[in-house]
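Student: In full-length UniProt numbering, the protein residues as written are 1 to 328.
Glycine included, every Cβ here is placed at the ideal spot set by N, Cα and C.
Remember, it's a predicted structure, so these values are computed and weren't measured experimentally.
Please see the structure below; I have some questions.
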């Protein structure tokens, strides 16, 4: 009897294990590629019961990923937090698109969805996403970005300098928010905020000025366009902080006594006038002594003597001298 029931018990045990495994996985996250493979095996526990074709499965997963990224980038455009908030959605969409281009058994899918129309909507959409991601220098936000195809989880590590900047930014924001409101509802003046948070602002501003951009090590993207800029999440935070610090709080304007500056400026302006005035009063005017050459002096003496002799002779004598010179 027991021997006859043994096959039945084995069958029941296998069914129970299968049911338990399905419910266990259904409670957690699964990746897009895993959902496609499960749809191919006939699973109806992952909202893909209508999908029977592998190409359509990948297509629907890509539409979902693009929709998530588009919604995320619009929600985080202002203040700009694209790199921080949308990294998972971008990685999922890029991973599905990369699978469509890489797997050899998806050649028919590539021909159907990527090469069938002259507009090439899907490649254009992916190119626009890549352009936004590259122009935002989001590759400089995190490193070691990986997608688990089974669980659908994206893991990454924020760059140490970016993480340190975020800590400094958080401390400054916390300082300004706490200083704005003191006990008993008294609102602090801008001067108190500037004095209390000046050191934190200086540290944040100095650290940002010394930050270096990160160049992605991925070989499938051209990072030449953003190789000289920092992650835009960081840049937007710093620009907003500088604007709020200088325009809203007026902390960048000098409110100290300017008397020493005015005194030094007046002294520098008056010094040249005093110098030339004293030089005119106390200075001696120099005279140059001219020396004549001896031959020039001798010729001038002869000319003078000859002119005097000519002046002593009468007109008749001068006429006779001329006639005598002609007869000779």
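Under DSSP, the alpha helix (DSSP H) around residue 104 begins and ends at which residues?
Tutor: Here residue 104 belongs to no alpha helix (DSSP H), and DSSP marks it neither H nor E.
Student: With a threshold of 16 other CB atoms inside 10 Å of the CB of residue 336, please say whether the residue is buried or exposed.
Tutor: The chain is shown from 1 up to 328; residue 336 falls before or after that span and cannot be answered.
Student: Whose C-beta lies closer than 7 Å to the C-beta of residue 80 among residues of the same chain, with five residues either side of it excluded?
Tutor: Hits under 7 Å: 232, 233, 236.
Student: Which runs of the alpha helix (DSSP H) at least 4 residues long sit entirely within the region 91-161? Give them in chain order.
Tutor: Within the region 91-161, the complete alpha helix (DSSP H) runs of at least 4 residues are 107-113, 121-135.
Student: So does the region 151-159 actually touch the region 198-209, counting three or more Cβ pairs closer than 8 Å?
Tutor: These segments do not touch.
Student: Considering residue 240, what are the terminal residues of the alpha helix (DSSP H) in which it resides?
Tutor: Element bounds for residue 240: 232-243.
Student: Expressed to the nearest angstrom, what Euclidean distance is found between the alpha-carbon atoms of residue 175 and residue 229?
Tutor: Taking the straight line from one Cα to the other gives about 28 Å.
Student: By DSSP, does residue 204 sit in helix, in strand, or in coil?
Tutor: Of the three classes helix, strand and coil, the one that applies to residue 204 here is helix, per DSSP.
Student: Would you mind giving the Cβ-Cβ distance between residue 145 and residue 91, rounded to the nearest angstrom? I have them listed as a contact below 8 Å.
Tutor: Correct: roughly 6 Å between the Cβ atoms.
Student: My assumption, with CB atoms under 8 Å, is that residue 340 sits in contact with residue 140. Please give the rounded CB distance.
Tutor: In the structure displayed, the chain extends from 1 to 328; residue 340 sits before or after that span and is not available.
Student: Applying the 10 Å Cβ sphere with the 16-neighbour rule, what's the burial state of residue 115?
Tutor: That one is exposed.
Student: Using the Cβ count rule (16 or more neighbours within 10 Å means buried), how would you classify residue 238?
Tutor: Buried is the call here.
Student: Once DSSP output is grouped into helix, strand and coil, what is the label at residue 272?
Tutor: Of the three classes helix, strand and coil, the one that applies to residue 272 here is helix, per DSSP.
Student: Is the distance from the Cβ of residue 192 to the Cβ of residue 147 below 8 Å?
Tutor: Result no, Cβ atoms of residue 192 and residue 147 do not sit closer than 8 Å.
Student: Check this for me: beta carbons of residue 129 and residue 93, under 8 Å apart or not?
Tutor: Their beta carbons are under 8 Å apart, which means residue 129 touches residue 93 by this criterion.
Student: Quick one: residues in its chain with C-beta nearer than 7 Å to the C-beta of residue 194, no 5 flanking neighbours on either side, listed in chain order?
Tutor: These residues qualify, in order along the chain: 249, 251.
Student: Start and end of the alpha helix (DSSP H) containing residue 85?
Tutor: First-last of the alpha helix (DSSP H) with residue 85: 82-85.
Student: Under a three-way DSSP split, which group does residue 77 fall into?
Tutor: It is coil, neither helix nor strand.
Student: Which same chain residues end up closer than 6 Å to residue 62 when comparing Cβ atoms and leaving out the 5 residues on each side of it in sequence?
Tutor: Excluding residues within five positions, the ones whose Cβ falls inside 6 Å are 96.
Student: Determine, for residue 266, whether the minimum Cβ-Cβ distance to residues of chain C falls below 8 Å.
Tutor: You won't find chain C in this structure, because it holds only one protein chain.
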